[in-house]
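**Q** By the count of the working numbering, the sequence shown reaches residue 429 at its end, each step adding exactly one. Structure incoming, see below.
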Amino acid sequence: MGRSSDRTYIPGKGQVLEIGRPKPNFPVYNTIALRRIKFTKAFALLIACSVFLSVTVSFVITTIIAKNVEVLAARVHPSKLPFHGLLAVDTPMTAGSEPGTSLPRSVRWPGNTYSVEWAEVESTVGKLHLLGAGYDLPQDTIQLLFPVATDSGKPGIAAWSPDNPSLKLKWSNVILPATGEGYPALYGWALVNPELLNALPDRRPGILLELAEHYRFDPENPTSTPSINRYFQDIEKYAPPGTKVITPYSGTMSLKRATRGAFSSWQFISLLVLLSAAAAITCVFTVSFLGRKRSLGIFRVLGATVADLRRSMALEAVYIGLPGIVLGIFVGRYLAAWLETGQTLPVSAYITAVITGMLTIAAGVWMPLQLIRNANCDQLLNNRPVYVISNPSCANCGLCGGI
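Here it is, written out as structure tokens:
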């Protein structure tokens, strides 16, 4: 080891390495590097506050969106249908084609599926969808349908027989869409004999869905359970293009998707906060790297690898940022309750908040890790510029200061 504090001996090299400090060409870099700014408690507090702000905003926004979706969806009652579910293909059938019964591979349906045909007809009560999965009245009767109140209080339709006007006919397995408040008019479906559809144009294929008996599901009085909801959501999520999914919960699910889309701008605000927090963390760790270049260079000389130095800074970022994540979740819960967004907080708010906090830390520490990766011993010990994107020509220029 040499006597001078500006000289050090590299073991195994047999030569003395000068640790001069040449002046970089860029004034801002010169100002930061020469002051040898240390990684102080104030910097650690700034990182924790940045992560805390990002997590809190993400938690509150996710909760607000979930609550609005819940409130709006609660205004839509499940539709009453004469079947459990239907995948109706919009493309008319060609001559000789047969409808299939296979669902997409990603759909796990706990019940039976049947191949059916369906068509649309006009009646005196509006457009009616006929599904070839039941029994029918005479064909002319379809044009004479009108709504009636059945003995059970459920909506239905009735008609006078064309051949015998004194004979009143009822069709019990037809469900008309209710139009009262909270009951959107989505579909009006009737189960008819499949032979009736053979005489109609534009017949279309479909797949009839039927839940297993142990679920005790009544489509005319649908009740919602987590498992049943999950099965119907999978059907809507993985339905092939050009297929119309018709279930008792179609209206609720459509409104949930529309509500989430309407509040997508709130997610943009959360993204801006995340990027701002990540930029603050990047600045802090970059200044920390510039102030510890010589120390990192000595570690490299003593045998530390680039992976060791990168791992050390990454763990340092996580160690400082974790309190911000925990505190952000607690404050987010308090703000959500104060804003009266609901007593029950969705699990997605916790998951999104944690993921946002980790992304903030990862995005903030990326550039300092790149600086460590591209720095060699000469650049660290002699305080030479280090570049985020390594370029051989940069060593002869230095106008950007190496940042």
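Ideal Cβ positions, reconstructed from N, Cα and C, are used throughout, including at glycine. Since the model is a prediction, treat every value here as computed from it, not as a measurement.
Use the C-beta contact count for P267: other C-beta atoms within 10 angstroms, 16 or more gives buried, fewer gives exposed.
**A** Looking at its Cβ environment, which holds fewer than 16 other Cβ atoms inside 10 Å, P267 is exposed.
**Q** Looking at the unbroken beta strand (DSSP E) that takes in V271, where does it start and where does it end?
**A** It spans T269 to I272 - the beta strand (DSSP E) in which V271 sits, taken as one unbroken run.
**Q** Which of the three DSSP states, helix, strand or coil, is assigned to S338?
**A** Residue state, collapsed to three classes: helix.
**Q** Run the CB neighbour count on R256, radius 10 Å, all protein chains shown included, and call it buried at 16 or more, exposed below.
**A** Result: exposed.
**Q** With contact counted as at least three CB pairs below 8 Å, one residue from each stretch, are the stretch 297-312 and the stretch 139-158 in contact?
**A** Segments in contact, no.
**Q** Note down the Cα distance separating H240 from W364, rounded to an integer number of angstroms.
**A** One C-alpha to the other measures close to 43 Å.
**Q** Give me the Cα-Cα distance between A388 and A343, rounded to the nearest whole angstrom.
**A** Straight-line Cα distance between these residues: approximately 8 Å.
**Q** Verify whether the separation of the beta carbon atoms of G329 and L79 is less than 9 Å.
**A** For G329 and L79, no; Cβs fall outside 9 Å.
**Q** Determine the extent of the alpha helix (DSSP H) in which L407 is found, giving its start and end residues.
**A** Counting along the chain, the alpha helix (DSSP H) containing L407 begins and ends at C403 to L407.
**Q** Can the beta-carbon of A379 be found less than 9 Å from the beta-carbon of G347?
**A** No, they are not a contact pair.
**Q** Could you tell me how far apart the beta carbons of L112 and L234 are, in whole angstroms, since I believe they sit closer than 8 Å?
**A** Yes, L112 and L234 are in contact; Cβ-Cβ is about 6 Å, under 8 Å.
**Q** Using three-state DSSP, classify S141 as helix, strand or coil.
**A** S141: strand per DSSP, three-state reduction.
**Q** Helix, strand or coil for W215 per DSSP?
**A** Strand.
**Q** Just to check, is the beta-carbon of F85 closer than 8 Å to a non-hydrogen atom of the ligand HEM?
**A** Within the structure as shown, the ligand HEM is missing, as the structure has no ligands at all.
**Q** Whole-angstrom Cβ separation of G137 and E262, contact assumed at under 8 Å?
**A** In fact, because the Cβ distance is near 16 Å, the residues do not count as touching under 8 Å.
**Q** Taking the continuous alpha helix (DSSP H) assigned at E515, which residues delimit it?
**A** Only positions 27 to 429 of the chain appear in this structure, which leaves residue 515 out of reach.
**Q** Report the rounded CA-to-CA distance for Q293 versus F325, giving the unit in angstroms.
**A** If you take the alpha carbons of Q293 and F325, they lie about 43 Å apart.
**Q** On the DSSP bridge list, what partners appear for V115?
**A** In DSSP, V115 forms a bridge with T269.
**Q** Would you kindly work out how many angstroms separate the C-alpha atoms of I73 and N408, rounded to a whole number?
**A** C-alpha separation (whole angstroms): 29 Å.
**Q** Would you grab the beta carbon distance between V115 and R229 for me? Rounded to a whole angstrom, and I think it's under 8 Å.
**A** That belief does not hold up - the Cβ atoms of V115 and R229 are roughly 11 Å apart, past 8 Å.
**Q** What are the boundary residues of the beta strand (DSSP E) that R230 is part of?
**A** Run containing R230: R230 to L237, per the beta strand (DSSP E) assignment.
**Q** Would you call I254 buried or exposed, if buried means 16 or more other Cβ atoms sit within 10 Å of its Cβ?
**A** Per the 10 Å Cβ criterion, buried.
**Q** If you run the structure through DSSP and keep just helix, strand and coil, what is V310?
**A** Three-state result, V310: helix.
**Q** With H, G and I counted as helix, E and B as strand and the rest as coil, what does DSSP make of H155?
**A** It is a strand residue.
**Q** When DSSP labels each residue in this structure, what does V133 get in the three-state scheme?
**A** Three-state DSSP puts V133 in coil, outside helix and strand.
**Q** Measure the C-alpha to C-alpha separation of T223 and S276 and round it to an integer number of angstroms.
**A** At residue 223 the sequence reads Leu, which differs from the Thr that was named. Roughly 25 Å separates the two Cα atoms.
**Q** Which residues in the same chain have their Cβ closer than 7 Å to the Cβ of Q396, if we skip the five residues on either side of it in sequence?
**A** Excluding residues within five positions, the ones whose Cβ falls inside 7 Å are V414.
**Q** Once you ignore the five residues that flank S132 on each side, which residues in its own chain have a CB closer than 8 Å to its CB?
**A** Closer than 8 Å at the Cβ level, and outside the excluded window around S132, lie D260 and Y264.
**Q** Please name the residue or residues paired with V391 in a DSSP beta bridge.
**A** Answer is none; V391 lacks a bridge partner.
**Q** Buried or exposed: where does V373 fall if 16 or more other Cβ atoms within 10 Å of its Cβ makes it buried?
**A** The residue in question, V373, is exposed, as its Cβ has fewer than 16 Cβ neighbours within 10 Å.
**Q** What's the C-alpha gap between I90 and L298?
**A** Each residue's alpha carbon lies about 17 Å from the other.
**Q** Using the Cβ count rule (16 or more neighbours within 10 Å means buried), how would you classify F85?
**A** With 16 or more Cβ atoms within 10 Å of its Cβ, F85 is classed as buried.
**Q** With D26 as the anchor, note down where its alpha helix (DSSP H) starts and where it stops.
**A** What the structure shows of the chain is the stretch from 27 to 429, and residue 26 is not part of that stretch, so it cannot be assessed.
**Q** What do you get for A238, buried or exposed, if any count of 16 or more other CB atoms within 10 angstroms of its CB means buried?
**A** A238 is exposed by the Cβ-count criterion.
**Q** Counting C-beta neighbours from all protein chains within 10 Å, is the total for I382 16 or more, i.e. buried, or is it exposed?
**A** Sequence inspection shows Thr at residue 382; the Ile mentioned does not correspond to that position. It is buried - the Cβ of T382 has at least 16 other Cβ atoms within 10 Å.
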